[in-house]
Amino acid sequence: MHAAVVVFPGSNCDRDLAVAFEAAGAKVSMVWHKDTKLPDGLDIVGVPGGFSFGDYLRCGAIAANSPICNEVKAHADRGGYAIGICNGFQVLAETGVLPGALLRNAGLKYICKTVGLNVVTSQCAYTEGYSVGDVIDIPIAHHDGNYFADDETIARLQGEDRVAFTYTDNPNGAKGDIAGILSANKRVLGMMPHPERAADAGHGGTDGQALFRALSGVLTPA
Amino acid sequence: MKARVHVMLKNGVLDPQGEAVRHALGAMGFDGVNGVRQGKVIELDLADGTTEATVKEMCERLLSNMVIESYTVEMS
């Protein structure tokens, strides 16, 4: 598996994500936001957490219009795999690769804690290592994780089995308790919780490991 | 020339910041504030001849997120 991790000014989970991919057996290339090309033969792009461009304007908005994001969008459009975590989810939503948007947490506070997630589908490359109904403990760390989309979009996501994870105890006001969603072809995952922060015994939890391990077996390059 | 862009959350999108401001105003004794919506104003200093259509394109591609926000443009 060859993974690329995109790095923006203000990304701060890029190296954690790279370590999680490497632990699952991937070769990892770090890609700078000004780069205009993704590496050849890529299996997956990771858009990491952090505060790209200081969250100026809207979280993820400036990153979504950076040169590399045009490539990430093209990669996703031709059926490539991509995962956006936290700020990475905000970026993918801003690019339009994933529907909806992430609003300020309903309680207005930045929340940093481990939360329970329901695994809602196992029918995608990311969640094959789990079973539907599993509850996994994954950290969140965000100020703007309140998932919003119009009712029609939420119903479509639910109807098409594109909700990957929901919160067991909604921390941020997200509609439908949604913590992570998939693209229509289920090859792009956006999620607010940080599986890369629960991927090593030293993290205090390893429930995120199965996500990265599952990827290494099933990806096909686009 | 200049353009002033107002960006607001769409009706129906919860505005927790506006709600917090509304609560604070009530706590300060300002009665009768039934709602607060908080948005942003973006002022653009533009080359002469820039059209309103171009500014609208800026709004739709970057300055506002059409999923959750609406915008208005004032050219001057």
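Order-wise, the sequence lines are chains L and Y.
Under my numbering, the letters of the first sequence match residues 1 to 222, in that order.
Under my numbering, the letters of the second sequence match residues 1001 to 1076, in that order.
Ideal placement from N, C-alpha and C gives every residue a C-beta, glycine not left out.
Assigned exposure category for residue i - 16 Cβ within 10 Å defines buried
i                          : result
tyrosine 233 of chain L    : Only positions 1 to 222 of chain L appear in this structure, which leaves residue 233 of chain L out of reach.
tyrosine 167 of chain L    : buried
asparagine 1011 of chain Y : exposed
glutamate 71 of chain L    : buried
glutamate 196 of chain L   : buried
alanine 1024 of chain Y    : exposed
leucine 117 of chain L     : buried
alanine 164 of chain L     : buried
glutamate 94 of chain L    : buried
glycine 50 of chain L      : buried
methionine 1075 of chain Y : exposed
methionine 191 of chain L  : buried
aspartate 177 of chain L   : buried
alanine 1027 of chain Y    : exposed
threonine 36 of chain L    : exposed
alanine 155 of chain L     : exposed
alanine 74 of chain L      : exposed
Check whether residue i and residue j have beta carbons under 9 Å apart
i                           : j                            : result
valine 1067 of chain Y      : phenylalanine 148 of chain L : yes
valine 1005 of chain Y      : threonine 1072 of chain Y    : yes
phenylalanine 89 of chain L : leucine 103 of chain L       : no
aspartate 169 of chain L    : valine 120 of chain L        : no
leucine 157 of chain L      : isoleucine 181 of chain L    : yes
glutamate 1039 of chain Y   : leucine 1009 of chain Y      : In the sequence as presented, glutamate is not what sits at residue 1039 of chain Y; that position holds glycine. Against a cut-off of 9 Å, the Cβ pair of leucine 1009 of chain Y and glycine 1039 of chain Y comes out as a contact.
aspartate 207 of chain L    : isoleucine 136 of chain L    : yes
glycine 60 of chain L       : leucine 92 of chain L        : yes
histidine 33 of chain L     : valine 6 of chain L          : yes
threonine 153 of chain L    : glycine 96 of chain L        : no
alanine 76 of chain L       : valine 188 of chain L        : yes
aspartate 14 of chain L     : methionine 30 of chain L     : yes
glycine 41 of chain L       : glycine 10 of chain L        : no
isoleucine 138 of chain L   : glycine 205 of chain L       : yes
aspartate 1015 of chain Y   : valine 1041 of chain Y       : no
glycine 84 of chain L       : alanine 214 of chain L       : no
histidine 194 of chain L    : cysteine 86 of chain L       : yes
alanine 18 of chain L       : glutamine 209 of chain L     : no
Neighbourhood of residue i by C-beta distance below 7 Å, restricted to the same chain and skipping five residues each side
i                         : result
glycine 146 of chain L    : Per the sequence presented here, residue 146 of chain L reads as asparagine, with glycine not at that position. So the list reads Leu102, Leu103, Arg104, Asn105, Ala106, Asn172, Gly173 and Ala174, once near-sequence residues are dropped.
isoleucine 111 of chain L : Asn105, Ile140, His142, Pro171 and Asn172
glutamine 1017 of chain Y : Gln1038
glycine 25 of chain L     : Met1 and Ser216
lysine 1013 of chain Y    : According to the sequence as given, residue 1013 of chain Y is valine; it is not lysine. Hits under 7 Å: Ile1068.
glutamate 22 of chain L   : Val28
valine 1048 of chain Y    : The residue you asked about is not valine; residue 1048 of chain Y is aspartate in the sequence shown. Met1001.
aspartate 134 of chain L  : Val119
Same chain only: Cβ atoms within 6 Å of residue i, ignoring 5 sequence neighbours per side
i                        : result
arginine 1061 of chain Y : none
lysine 27 of chain L     : His2
aspartate 144 of chain L : Cys59, Leu102 and Arg104
valine 1021 of chain Y   : Val1036
tyrosine 126 of chain L  : Leu189 and Leu211
asparagine 12 of chain L : Gly50
Residues near residue i in its chain [Cβ-Cβ closer than 8 Å; skip 5 each side]
i                         : result
asparagine 185 of chain L : Gly79
valine 132 of chain L     : Val119, Val120, Thr121 and Ser122
alanine 1003 of chain Y   : Glu1043, Leu1044, Leu1046, Thr1050, Glu1052, Val1055, Val1073, Glu1074, Met1075 and Ser1076
glutamate 160 of chain L  : Ala184
arginine 162 of chain L   : Thr121, Arg156, Ile181, Leu182, Ser183, Ala184 and Lys186
*Below 8 Å, can you find three or more Cβ-Cβ pairs linking the region 61–75 of chain L to the region 1020–1033 of chain Y?*
no
*Would you mind listing the alpha helix (DSSP H) stretches within the region 1015–1055 of chain Y that are 4+ residues and don't spill past its ends, in chain order?*
1016–1027
*So does the region 36–48 of chain L actually touch the region 73–81 of chain L, counting three or more Cβ pairs closer than 8 Å?*
yes
*Which runs of the alpha helix (DSSP H) fall wholly inside the region 147–199 of chain L and span at least 4 residues, in chain order?*
DSSP assignment within the region 147–199 of chain L yields the following whole alpha helix (DSSP H) runs of 4 residues or more, N-terminal first: 151–159.
*Please specify which runs of the beta strand (DSSP E), each continuous and at least 3 residues long, are wholly inside the region 40–126 of chain L, giving them in chain order.*
44–47, 81–85, 101–103 and 111–119
*Using a Cβ-Cβ cut-off of less than 9 Å, list which residues of the region 1064–1076 of chain Y approach chain A; keep chain order.*
The question asks about chain A, but that chain is absent: this structure's protein chains are L and Y.
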